[in-house]
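**Q**
There are 2 protein chains.
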Amino acid sequence: MRESDSEEMSQNPFDQKKRAILSQIESTDETHPDASPKGTLDVLLLPLIDVINSHSDYVTTSSCSGRVSVFLEGMKTASELGGKGDGGKWLFITHDPEELKSTDWWSLVTDHREHVSESDVSAGVSSIGNGEPAKYDGQRYVLYKFEAMILHVKCRDRASASALYTAAMSCGFRESGIGSNDLVGIRISLRLDVPIAYLNNDGTTTPLVPRQYIDHLQTISLDLFNKNTAKINQLHRTVASMIQAQQTAANKPQTAKETKEQRRERKHREGLLIQAQTRQITPEAPL
Amino acid sequence: MRESDSEEMSQNPFDQKKRAILSQIESTDETHPDASPKGTLDVLLLPLIDVINSHSDYVTTSSCSGRVSVFLEGMKTASELGGKGDGGKWLFITHDPEELKSTDWWSLVTDHREHVSESDVSAGVSSIGNGEPAKYDGQRYVLYKFEAMILHVKCRDRASASALYTAAMSCGFRESGIGSNDLVGIRISLRLDVPIAYLNNDGTTTPLVPRQYIDHLQTISLDLFNKNTAKINQLHRTVASMIQAQQTAANKPQTAKETKEQRRERKHREGLLIQAQTRQITPEAPL
């Protein structure tokens with residue numbers, strides 16, 4: 001208890017940062033749901049976030065449990081690459097499969113009326129609506145996206161970052177990585193990125209897909225939400241086990257030393273991880 | 001010169017690994033175009049790969065310059081999450097925008113005839129083709145994907161990994177990360193993931209989108225190829241500057257200079273790759 005108290009008041013930079021972040025989260029109550037500017041703390045991730053923050057070497061800094069969004073691209077300029085563009089906006093966002101089912105979000109797309117200025121039209125959208133696929137640089141598409149959960153965790157040091165990274169990779173979060181300053185990003189490739197409509201000169205939208213396609217998107221998204229939840233739960237179990245194993249080991253300092261056999265097994269495991277990491281880009285299969 | 005020689009014969013584990021990887025690339029000649037099954041070394045990435053490998057702290061381990069693919073999902077089982085499934089296959093893959101333009105890949109989807117066994121049908125695809133969107137677990141979709149370039153670089157130590165990671169992030173490769181063992185993955189979010197058809201019980205496919213939608217996908221993909229190329233070039237310039245700045249700072253101009261032997265090997269490698277490209281054979285990079 002005393003040790004924990006002294007740790008809480010530690011002047012160590014990591015401990016200070018962790019205290020600041022946790023106090024910000026704690027102030028995020030019902031009356032101040034957005035007290036923390038970083039990410040969205042949502043219910044689905046809470047058990048995982050709690051177990052991570054229970055470890056003295058970790059603190060979560062931002063998160064999203066996964067979402068569906070419908071986004072109208074902004075005006076693009078020649079210099080811009082892959083950005084949202086000027087004036088892009090979300091027409092619909094949900095983190096909740098039930099809300100996805102109960103919302104007629106397709107009407108939000110088809111009924112949308114965008115204010116389009118004269119200068120916007122002359123800037124490059126003039127080729128749209130003549131039956132030809134327009135030049136993308138001027139075209140503003142409406143995109144339907146499914147994005148899986150993402151979680152950032154600030155770690156005390158490289159060793160703790162590596163342990164968390166390894167746990168995430170072993171659960172299939174293959175797009176995870178350690179950033180600068182031992183910030184681990186946990187990411188997985190479950191996604192949809194689908195153009196579903198485009199914006200006309202007069203600010204109306206033209207659907208690119210039939211109504212039935214929207215039903216398919218919804219069905220697929222509900223399945224992805226399920227897979228995403230299963231992956232979050234798997235990661236939660238794995239991180240909890242990892243932390244428990246570390247704590248058990250810490251109580252037996254003599255076992256801290258790795259035996260030859262343990263070292264061999266660890267090297268084998270690490271090798272598999274590296275394979276898994278690099279394999280994600282190599283499904284070059286049948287050319 | 002002597003320093004470079006001794007470095008080349010160093011027993012340091014990183015130097016040994018780098019030598020092994022580079023010699024594997026060099027052995028990828030006309031008679032053994034597939035010496036390594038992992039990854040694709042393609043021409044678009046060569047200048048970037050060369051500048052990275054010219055640095056004694058880095059060696060590229062796998063890469064893909066970016067591609068469009070059309071993938072028929074395999075049979076899914078309840079236990080599987082987000083995988084390719086059993087029997088999934090690519091109907092079309094290209095890394096080349098010109099090939100995308102000149103190939104009638106949509107016919108490869110609409111004309112596809114998949115061998116579907118009785119057990120496959122009873123396993124879960126029986127709800128397909130009745131006009132209702134089928135349950136995803138049994139449904140096998142055809143997916144159209146654009147995937148941006150990805151590059152893995154094994155680094156000598158944490159400091160060199162951090163430097164490369166920071167360079168990549170500064171160019172907008174925001175999904176980059178450092179893995180275990182100082183392997184940096186360089187990734188960017190330029191993508192399409194679009195269901196375009198599904199498989200019927202009889203092995204035929206049903207399009208989910210009208211023909212005009214395919215033209216839009218193609219237009220958007222060509223634009224993404226352009227953005228991807230611009231990003232690769234930006235990263236190349238940034239990494240070259242970083243290396244030059246490091247070498248200036250280290251005040252060791254001799255390590256900057258490619259030796260005659262290194263230059264000969266590089267030219268040889270580039271020549272083989274260009275030959276391979278003109279024959280439509282893609283040599284595989286080593287891991």
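Protein chains in written order, with full-length UniProt numbering: chain A, 1 to 287; chain B, 1 to 287.
Every residue, glycine too, gets a C-beta built ideally from N, C-alpha and C.
Just so we're clear, the structure is a prediction, and the values are computed from it rather than from any experiment.
(1) Comparing the C-beta of residue 192 of chain B with each C-beta of chain A, is any distance below 8 Å?
(2) What number of angstroms, rounded off, separates the C-alpha of residue 176 of chain B from the C-alpha of residue 202 of chain B?
(3) Are any of the Cβ atoms in chain A nearer than 8 Å to that of residue 199 of chain B?
(4) Under 7 Å between beta-carbons, which chain B residues line up against residue 158 of chain A? List them in chain order, please.
(5) Around the Cβ of residue 53 of chain B, are there at least 16 other Cβ atoms within 10 angstroms (buried) or fewer (exposed)?
(6) If I measure Cβ to Cβ from residue 51 of chain B and keep anything under 8 Å in the same chain, skipping five residues before and after, which residues do I get?
(7) Kindly provide the ranges of any alpha helix (DSSP H) runs that are 4 or more residues long and lie completely inside the stretch 139-196 of chain B, ordered along the chain.
(8) Using three-state DSSP, classify residue 10 of chain A as helix, strand or coil.
(9) Which runs of the beta strand (DSSP E) fall wholly inside the stretch 40-113 of chain B and span at least 3 residues, in chain order?
(10) Please identify, using Cβ separations under 8 Å, the residues of the stretch 152-180 of chain B that lie next to chain A, in order along the chain.
(11) Where residue 13 of chain B and residue 225 of chain A are concerned, what is the direct C-alpha to C-alpha distance, given to the nearest angstrom?
(12) Can you confirm whether residue 185 of chain A, when its beta carbon is compared against all beta carbons of chain B, has any partner nearer than 8 Å?
(13) Just mark residue 231 of chain A as buried or exposed, buried being the case when its beta carbon has 16 or more other beta carbons within 10 Å.
(14) Measure the C-alpha to C-alpha separation of residue 140 of chain A and residue 102 of chain A and round it to an integer number of angstroms.
(15) Measuring alpha carbon to alpha carbon, tell me which residue in A/144, A/58, A/59, A/45 is nearest residue 90 of chain A.
(16) Report the rounded CA-to-CA distance for residue 178 of chain A versus residue 49 of chain B, giving the unit in angstroms.
(17) Classify residue 259 of chain B as helix, strand or coil using the three-state DSSP reduction.
(18) Closer than 8 Å, CB to CB, is residue 213 of chain B near chain A or not?
(19) Report the rounded CA-to-CA distance for residue 260 of chain A versus residue 267 of chain A, giving the unit in angstroms.
(20) Measure the CB-CB distance between residue 223 of chain B and residue 155 of chain B and report whether it falls below 8 Å.
(21) Pick from A/142, A/114, A/150: whose alpha carbon is nearest that of residue 174 of chain A?
(22) Between residue 213 of chain B and residue 205 of chain B, is the Cβ-Cβ spacing less than 8 Å?
(23) Among the residues of its own chain, which have a CB less than 7 Å from the CB of residue 167 of chain A, if the five just before and after it don't count?
(24) Going by C-alpha to C-alpha distance, which of B/92, B/98, B/165 sits closest to residue 184 of chain A?
(25) Would you tell me roughly how many angstroms separate the C-alpha atoms of residue 192 of chain A and residue 193 of chain B, rounded to the nearest one?
(26) How would you label residue 148 of chain A, buried or exposed, when you count the other beta carbons within 10 angstroms and need 16 or more for buried?
(27) Applying the criterion that 16 or more other CB atoms from any shown protein chain within 10 Å of the CB defines a buried residue, is residue 93 of chain A buried or exposed?
(28) My guess is that residue 46 of chain B and residue 218 of chain B are in contact by the Cβ rule of under 8 Å, so how many angstroms apart are they, rounded?
(29) Less than 8 Å between the beta carbons of residue 196 of chain B and residue 210 of chain B, yes or no?
(30) Check each candidate in B/264, B/25, B/75 and name the one with the smallest Cα separation from residue 60 of chain B.
(31) Considering only C-alpha positions, which residue in the set A/95, A/159, A/227 is nearest to residue 70 of chain A?
(32) DSSP three-state call for residue 204 of chain B: helix, strand or coil?
**A** With the structure as the only source:
(1) Judged by the 8 Å Cβ criterion, residue 192 of chain B is in contact with chain A.
(2) The alpha-carbon of residue 176 of chain B is positioned some 43 Å away from that of residue 202 of chain B.
(3) no
(4) 158
(5) buried
(6) Within the same chain, residue 51 of chain B has close Cβ partners 236, 239, 240, 243.
(7) 158-170
(8) coil
(9) Within the stretch 40-113 of chain B, the runs of beta strand (DSSP E) that reach at least 3 residues and sit entirely inside it are, in chain order, 58-64, 67-72, 89-94.
(10) 152, 158, 162, 165, 166, 169, 172, 175, 176, 177, 178, 179, 180
(11) Near 43 Å, if we compare the C-alpha coordinates of residue 225 of chain A and residue 13 of chain B.
(12) Taking Cβ atoms only, chain B reaches closer than 8 Å to residue 185 of chain A, which makes this a yes.
(13) buried
(14) 27 Å
(15) Of the listed residues, the one whose Cα sits closest to residue 90 of chain A is A/144.
(16) Going from the Cα of residue 178 of chain A to the Cα of residue 49 of chain B covers about 22 Å.
(17) coil
(18) yes
(19) So the two alpha carbons sit approximately 10 Å from each other.
(20) no
(21) A/150
(22) no
(23) These residues qualify, in order along the chain: 238, 239, 242.
(24) B/165
(25) 5 Å
(26) buried
(27) exposed
(28) Going by Cβ atoms, the distance from residue 46 of chain B to residue 218 of chain B rounds to 26 Å, so no, they are not a contact pair.
(29) Between residue 196 of chain B and residue 210 of chain B, the C-beta spacing is not below 8 Å.
(30) B/25
(31) A/95
(32) coil
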